[in-house]
Amino acid sequence: MEYIFHLEAEEGIALISKAFEKHQEDKAFQLYLSKYPYMTEKTYIPFHEFYNPQKQTEYENKSETEILSEVKVILDSYQGGE
379 MEYIFHLEAE EGIALISKAF EKHQEDKAFQ LYLSKYPYMT EKTYIPFHEF YNPQKQTEYE
439 NKSETEILSE VKVILDSYQG GE
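Each residue of the sequence shown is one higher than the one before, counting from 379 in the working numbering.
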């Protein structure tokens with residue numbers, strides 16, 4: 379670890395960033411391993427497809443009113459329509 383402190387700032391940041399990425403990949407692999415026993419021939423996906431760090435979550439642009447309306451529907455269905 380002390381080696382990193384003697385590097386140029388950019389090199390140190392790059393190494394720390396790479397270590398963080400590897401840690402995230404390891405966590406994803408542990409999750410993959412927990413799902414693996416339940417995969418069938420039809421549902422099997424290789425790890426490289428399961429773990430794609432470039433994959434970004436897509437968000438819908440909804441107004442506050444639309445979101446609150448959806449929340450109300452969910453709460454009403456959960457509470458039996460009270």
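Note that the Cβ used here is the ideal one computed from N, Cα and C, for glycine as well.
{"Query": "Residue 402 to residue 393 span [Cα, whole Å]", "Result": "14 Å"}
{"Query": "Endpoints, the alpha helix (DSSP H) within which residue 443 is located", "Result": "442-456"}
{"Query": "Cβ-Cβ separation, residue 406 to residue 422 (assumed contact under 8 Å), whole Å", "Result": "Their Cβ separation, rounded to whole angstroms, is 16 Å, which puts residue 422 and residue 406 out of contact at 8 Å."}
{"Query": "Runs of alpha helix (DSSP H) wholly within the region 401-428 (minimum 4 residues, chain order)", "Result": "425-428"}
{"Query": "Where residue 436 falls: helix, strand or coil (DSSP)", "Result": "coil"}
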